[in-house]
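Okay, so here's the structure we're looking at.
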Amino acid sequence: MNQKFLLAVCLGLLLAACTIVPQASAQAAQQPAAPTPRRVGPAALPASDKQYDLLLKGGHVIDAKNNIDAVRDVAIKDGKIAKVALNIPATSAIKAIDVTGLYVTPGLIDLHVHVFWGLKKNDYADGDWSIAPDGFTLHEGVTTVVDAGSSGWRNFETFKERVIDRSQTRVLAMLNIVGAGMGSGQIEQNKEDMDGKKTGEMALKYPGIIVGVKSAHFNGPEWLPYDQAEIAGVMAHIPVMIDYGSRRIERPLYQLLEEKLRPGDIYTHALMGARGEQDSETGGPGKGMWEGRQRGIYFDVGHGGISFNFATAVPLIRAGFLPDSISTDIHSDNVNAAMKDMLTTGDKFLAMGLSLKEVIADMSWHPAVEVQQTQLGNLSEGAIADVAILRVDHGNFGFADGGGARIQGNQRLDCEMTLKDGLIVYDLDARASTPWDGPADDAARYASKWTKLRVPTGGARGGGGAAAAAAAANAANAPAAANGQAAAARPARWTPYEVDANGKVTVRDNAKVVPVTPNAKVPPPAATWPIPPSASWPPRQQP
Ligand SMILES: [Zn+2]
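Positions 28 to 570 (our numbering) are the ones given, in order, by the sequence shown.
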């Protein structure tokens with residue numbers, strides 16, 4: 028390599044390094060040229076002096092852990108709950124959002140889901156019976172899910188890498204006692220692959236992520252799967268969750284609940300009625316159910332495709348046997364069937380007479396306790412700021428159970444907004460946004476402190492009042508070829524409003540929304556033409 032060439036390379040690298048300076052300072056050095064107002068970002072601004080990042084004002088807080096069921100403001104700072112009180116001033120936060128008339132609850136926790144999605148056919152582990160969590164969680168107010176045994180010790184790390192680490196939803200896991208995880212055919216019947224020690228070792232490797240052990244769908248007469256699951260649970264100090272599979276006379280439910288399970292273990296599909304959960308004479312709780320409850324076994328709903336029935340649930344609830352947690356057992360087979368989603372599952376319990384406070388507790392604080400993650404599911408000061416903002420609609424609604432039977436209800440929950448780690452991750456009615464035909468608010472400058480969603484940030488769309496408007500005007504007037512680099516710059520965007528020197532905002536005439544009337548002078552949409560524009564194309568493929 029010749030020396031001149033080497034020198035040129037070195038110089039080139041040095042120049043390249045010089046251009047990789049933080050955008051803000053480069054921008055400052057170039058002022059006032061600043062051809063692209065979009066690049067004037069929050070990085071150039073000083074830190075906010077506000078006490079809180081985000082304030083939810085006027086909502087009705089339901090927080091079972093702290094026994095709050097009343098109107099309260101909720102202030103959030105650095106991803107944590109900072110204060111829950113009456114009348115926290117709106118000016119104390121970067122962004123204040125009015126949530127009057129809505130319920131403010133801890134981010135919901137779905138204790139039983141299947142989210143180890145992948146390409147395998149008919150499989151929960153890396154297969155098409157599992158679903159990608161973010162599509163079914165945040166818009167339901169759910170911020171945490173517990174995958175109930177889709178993976179086993181053999182494939183948990185694939186699950187972690189592929190789903191847990193990549194999802195916006197907080198995904199926790201219970202390891203299946205079957206090493207290969209959950210699938211169709213004989214996978215879950217393979218006693219050779221049920222290894223409590225190996226399962227416990229994997230659980231100990233990922234504390235706080237692996238929060239339980241699962242046994243499911245076992246048809247055999249043996250106690251082996253449950254005994255092995257307990258070995259793993261004891262080793263890793265985590266609960267075991269049981270889907271009790273086929274009803275077998277050799278291993279009656281009462282023996283499981285009275286002898287086999289430890290206090291703190293979880294019995295899911297508790298309101299199904301297929302394995303003795305319900306007494307066939309009285310309709311009330313079956314043998315061992317009260318005994319199990321007395322010992323401290325948790326009873327989880329796990330609605331699933333067929334695992335929840337009103338004919339079991341109503342008499343048990345009337346007898347006073349309420350579930351500890353309400354969960355979906357969501358998978359690809361039930362999202363469009365009776366189950367649907369977390370809030371619809373909660374609606375069914377409202378229809379059966381539970382109070383909203385009980386339903387919220389069963390979907391937040393209770394599941395947090397069951398999996399020993401008590402930093403979640405509550406709104407204590409210092410708790411992780413996962414928050415659901417829910418609306419209760421009143422009317423005549425129908426809800427189906429796993430067998431297709433219907434119950435009538437008059438309340439329906441919907442999610443208006445969801446926060447995870449203090450940031451808005453879902454906003455149904457765009458409450459946190461500013462109007463399209465007006466400037467951004469000051470909070471936009473610190474948007475990264477309170478939202479993960481896009482908000483108008485000023486520049487060509489306004490936002491800094493008169494100064495930003497002037498900057499936008501400058502950019503618009505600057506000749507495109509003022510310097511060599513400007514040719515690639517985006518043209519300034521048309522703004523739907525004007526800001527005068529005093530900061531007064533006026534909406535431009537052609538930005539005002541009026542009813543649409545046909546205009547003879549312009550061509551109508553092509554889809555309305557009598558002869559389709561595609562008529563001259565090659566003929567359409569025949570099926
Ligand atoms: Zn399940």
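Positions of the beta carbon are idealized from the N, C-alpha and C atoms, including for glycine.
Note that the structure is a prediction, hence the values are computed from the model and not measured.
ask   = For residue 97, which residues from the same chain have a beta carbon less than 8 Å from its beta carbon, with the 5 sequence-adjacent residues on both sides left out?
value = Annotation for residue 97: 87, 88 place their beta carbon closer than 8 Å to its own, counting only its chain and skipping 5 residues before and after.
Whole-number beta carbon distance between residue 238 and residue 200, since they are thought to touch under 8 Å = 7 Å
ask   = With distances taken between CB atoms, is the gap from residue 263 to residue 231 smaller than 8 Å?
value = Contact flag set, yes.
key: Nearest neighbour of residue 311, chosen from 129, 416, 347 [CA to CA]   = 347
task = Could you tell me the boundaries of the alpha helix (DSSP H) in which residue 424 lies?
result = It is not in any alpha helix (DSSP H) - residue 424 instead sits in the beta strand (DSSP E) that spans 414 to 427.
ask   = Do you know whose CA, among 409, 550, 422, lies nearest residue 612's CA?
value = A question about residue 612 goes unanswered here, because the residues of the chain that appear run from 28 up to 570.
ask   = Is it buried or exposed for residue 218, if we count other Cβ within 10 angstroms and need 16 for buried?
value = exposed
message = Check whether the segment 241 to 250 and the segment 203 to 212 are in contact - that is, three or more C-beta pairs closer than 8 Å.
response = yes
message = Between 265, 269, 471, 370, which has its C-alpha nearest residue 398's C-alpha?
response = 265
inquiry  = Can you tell me which residues form a DSSP beta bridge with residue 219?
reply    = For residue 219, which the question treats as bridged, DSSP gives no partner whatsoever.
key: Separation of residue 104 from residue 404, as counted between CA atoms   = 17 Å
Span separating the alpha-carbon of residue 457 from that of residue 215 = 45 Å
message = Restricting to Cα atoms, I'd like to know which of 482, 177, 223, 186 is closest to residue 210.
response = 177
query = Secondary structure at residue 289, three-state DSSP: helix, strand or coil?
reply = coil
inquiry  = Taking 8 Å as the limit between beta carbons, can you name the residues of its chain near residue 250, skipping five residues before and five after?
reply    = 278, 287
message = Measuring only from the beta carbon, is residue 243 closer than 7 Å to any heavy atom that is part of ligand 1?
response = Checking every heavy atom of ligand 1 against the Cβ of residue 243, one is found closer than 7 Å.
inquiry  = Does residue 166 come out as helix, strand or coil in the three-state DSSP assignment?
reply    = helix
inquiry  = I'd like to confirm something about residue 365: is its beta-carbon nearer than 7 Å to some heavy atom of ligand 1, or not?
reply    = no
task = Examine ligand 1 and report whether any of its heavy atoms sits within less than 7 Å of the Cβ of residue 330.
result = no
inquiry  = Quick check on the DSSP output: the beta strand (DSSP E) that includes residue 436 runs from which residue to which?
reply    = 433 to 447
ask   = Nearest CA to the CA of residue 424: which residue from 377, 85, 260?
value = 377
ask   = Cα separation between residue 236 and residue 146?
value = 24 Å
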